[in-house]
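Q: Numbering (our numbering), first residue to last: 1431 to 1495. Ideal Cβ placement from N, Cα and C applies to all residues, glycine included. The structure presented is a predicted model; accordingly, all values stated were derived computationally and were not measured. Before I ask anything, here is the structure I am working with.
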């Protein structure tokens, strides 16, 4: 059976922390920032965690083995 490959589009968007949690970036921070208030822009700069069953699925996509 051949090796599993890392899902590259997922690897560019998410990464694993040292404790094995999945870190992601928030959506909506790409452009059109002038219409968003300062509080919203600050929140968008912060990362977020993928939780629950989604985290389990993402870990499988990110693991190369």
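Mind checking whether residue 1444 and residue 1481 have CB atoms under 8 Å apart?
A: No; because the gap between Cβ atoms is not below 8 Å, this pair is not in contact.
Q: What three-state label does DSSP hand residue 1481 in the structure shown?
A: Looking at residue 1481 - three-state DSSP - the assignment turns out to be coil, as it is neither helix nor strand.
Q: DSSP three-state call for residue 1446: helix, strand or coil?
A: Strand at residue 1446.
Q: For the candidate residues 1454, 1448, 1466 and 1467, whose alpha-carbon lies nearest to that of residue 1488?
A: Closest option to residue 1488, Cα to Cα, is 1454.
Q: Comparing C-alpha positions only, which one of 1485, 1484 and 1456 sits nearest to residue 1471?
A: Nearest of 1485, 1484 and 1456 to residue 1471, Cα basis: 1456.
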